[in-house]
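Chemist: The numbering used here puts the first residue of the sequence shown at 4, with every later residue one more than the last.
Please find one structure pasted underneath; my questions will follow.
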Amino acid sequence: MVFILIKQIVVMLIMMSIGMVLYKIGQIDEKGIGQLSNLALYVATPCVVIQSLAIQFDANQLKIGIWVIVFFVAILAVSILIGRFGCGKADPVGSFAVLFSNSGFVGIPLITGIVGQEYVFYVTMTMIVTTVLFWTYGVYIMSGDKNEVSVKKILTNPNLIAVVVGMCLFFAPIELPYIIKQVLAGMANMNTGLGMIILGATLGASNISLMITDTRLYKATLLRLVAVPLVCIPLLMLMPVQFEVRMVMMIIAAAPAASATSMFALKYGRDYSYGTGLSIGTTIVSMITMPLVLALAMAIL
């Protein structure tokens, strides 16, 4: 499995390199990065979610999904504590990056390549929790103002809507028409390529020399990529599910910081350069840390 992970990471690195080259030669600009991000957020990722849930109802799969939610809440609780005490109140951007991983652009492609498309079902279970926490606690720590928290933004989030639609299809005794299935598959297949091109283009647009001189970057990166997944291993040992599901959870826990770290930093007047550095820096470093952490997890779990 580690060899499969390494091959998948190499594939993703090549895709990121394409995004960087496209930015450097002027085929993608900063406006284009934003447009591609919207395409991924509002089309590709929701289609991945719906496609993974639009399957025949399986009571055992649903039971495992509930266990995934329970243990994912525990993982997030631990991540909040690590971010709060590791980064402190003075570094909300770092705390945000430690808490939220890039399970969409990075996690889903890795999970698909390593354990199979059918296990994306469990990623969608974590998205329910992540979306709610993202627009509540995430907004609060970035803005510092409880009034910024919006129930409307939670309910209208495209990924949460996709989860609701997908769960309805999961419970309903119907099968989607062939044309709809093909549309979903085609849109979902864009998710990996889009995500990597966006990250690569963002890297090409970033001031690397400015980012690497920020010492906060190293501490938050260590907490996100090493501390969080290592603490998760003993938690997952208690999880009464098969090995593959535990590995899904580990991949999410070991993934780099959410790409929204930089966007939220900009939106709420925080250090945008630092936020971008965390999004990009953790993605690059994770190519080294993930195989090591997951190899350790496989030996223990």
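Don't be surprised by glycine CBs; every beta carbon is placed ideally from N, CA and C.
1) Between Ile-83 and the rest of its own chain, which residues show a CB-CB distance below 7 Å, the 5 nearest in sequence each way excluded?
2) Buried or exposed: which applies to Pro-180, given that a residue is buried once 16 or more other Cβ atoms fall within 10 Å of its Cβ?
3) If we require 4 or more residues per run, which alpha helix (DSSP H) segments fall completely within the segment 56 to 137?
4) Starting from Val-167, trace the alpha helix (DSSP H) both ways and give me its first and last residue.
5) Please report the Cβ distance between Ala-258 and Asn-105, rounded to the nearest whole angstrom; I am assuming they are in contact, meaning their Cβ atoms lie under 8 Å.
6) Looking only at C-alpha atoms, which of Leu-197, Leu-233 and Ala-260 sits nearest to Leu-299?
7) In the structure shown, what three-state DSSP assignment does Ala-263 receive?
8) Starting from the Cα of Leu-238, find the closest Cα among Val-76, Ala-188 and Thr-48 and give me that residue.
9) Relative to the C-alpha of Ile-117, which candidate in Asn-210, Ile-7, Val-229 and Asn-194 has its C-alpha closest?
10) If you follow the alpha helix (DSSP H) that Lys-149 is in, where does it begin and where does it stop?
11) For Val-51, I'd like the list of residues in its chain whose CB is within less than 7 Å of its CB, leaving aside the five on either flank, ordered along the chain.
12) Who are the Cβ neighbours of Lys-27 in its own chain at under 6 Å, not counting the five residues just before and after it?
13) Alpha carbon to alpha carbon, how far is Ala-260 from Thr-286?
14) Looking at C-alpha atoms only, which residue of Lys-10, Val-14 and Asp-32 is the closest neighbour of Ala-204?
15) I need the straight-line Cα distance from Ile-144 to Phe-99, nearest angstrom please.
16) Measure from the alpha carbon of Gly-280 to the alpha carbon of each residue in Leu-220, Val-132 and Val-152, then state which is nearest.
17) Could you check which residue in Met-250, Ser-276 and Gly-97 has the C-alpha nearest to that of Ser-226?
18) How would you call Pro-176, buried or exposed, if buried means at least 16 neighbouring beta carbons within 10 angstroms?
19) Return helix, strand or coil for Thr-218, following the three-state DSSP convention.
20) Counting Cβ pairs closer than 8 Å, one from the segment 56 to 64 and one from the segment 235 to 254, do we hit at least three?
21) Asn-162: buried (16+ other C-beta within 10 angstroms of its C-beta) or exposed?
22) Please name the residue, chosen from Ile-12, Met-23, Gln-11 and Lys-10, that lies closest to Leu-202 on a Cα-to-Cα basis.
23) How about Ile-53 and Gly-189: do their beta carbons lie closer than 8 Å?
Modeler: Quick answer:
1) Leu-102.
2) Classification of Pro-180: exposed, given that the 10 Å Cβ count is below 16.
3) Considered as a whole, the segment 56 to 137 harbours 62 to 90, 95 to 102, 111 to 117 and 123 to 136 as its complete alpha helix (DSSP H) runs of no fewer than 4 residues, in chain order.
4) Where Val-167 is concerned, the enclosing alpha helix (DSSP H) starts and stops at 161 to 174.
5) About 5 Å separates the beta carbons of Ala-258 and Asn-105, which is inside the 8 Å limit, making them a contact pair.
6) Taking only the C-alpha atoms, the option nearest Leu-299 is Leu-233.
7) Note: Ala-263 maps to helix in three-state DSSP.
8) Out of Val-76, Ala-188 and Thr-48, Val-76 has the C-alpha closest to the C-alpha of Leu-238.
9) For the residues Asn-210, Ile-7, Val-229 and Asn-194, the minimum Cα distance to Ile-117 belongs to Ile-7.
10) Bounds of any alpha helix (DSSP H) do not take in Lys-149, whose DSSP letter is neither H nor E.
11) Shown here for Val-51: same chain residues with a beta carbon closer than 7 Å to its own, the five before and five after excluded, namely Ile-111, Val-123, Ala-191 and Asn-194 in chain order.
12) Residues of the same chain with a CB within less than 6 Å of the CB of Lys-27, apart from the 5 flanking positions on each side, are Gly-207 in chain order.
13) Rounded to the nearest angstrom, the gap between the Cα atoms of Ala-260 and Thr-286 is 7 Å.
14) The shortest CA-to-CA distance from Ala-204 to any of Lys-10, Val-14 and Asp-32 is the one to Asp-32.
15) In a straight line, the C-alpha of Ile-144 is about 7 Å away from that of Phe-99.
16) Ranked by Cα distance from Gly-280, the options Leu-220, Val-132 and Val-152 are led by Leu-220.
17) Looking at the sequence itself, residue 226 is Leu, so the reference to Ser does not match. Leu-226 has its Cα closest to that of Gly-97, out of Met-250, Ser-276 and Gly-97.
18) The residue is exposed, with fewer than 16 neighbouring Cβ atoms inside 10 Å.
19) When DSSP states are grouped into helix, strand and coil, Thr-218 belongs to the helix group.
20) Three or more beta-carbon pairs separated by less than 8 Å are not found between the segment 56 to 64 and the segment 235 to 254, which leaves the two stretches without contact.
21) So Asn-162 ends up on the buried side.
22) Of the listed residues, the one whose Cα sits closest to Leu-202 is Met-23.
23) The Cβ atoms of Ile-53 and Gly-189 do not sit closer than 8 Å to each other.
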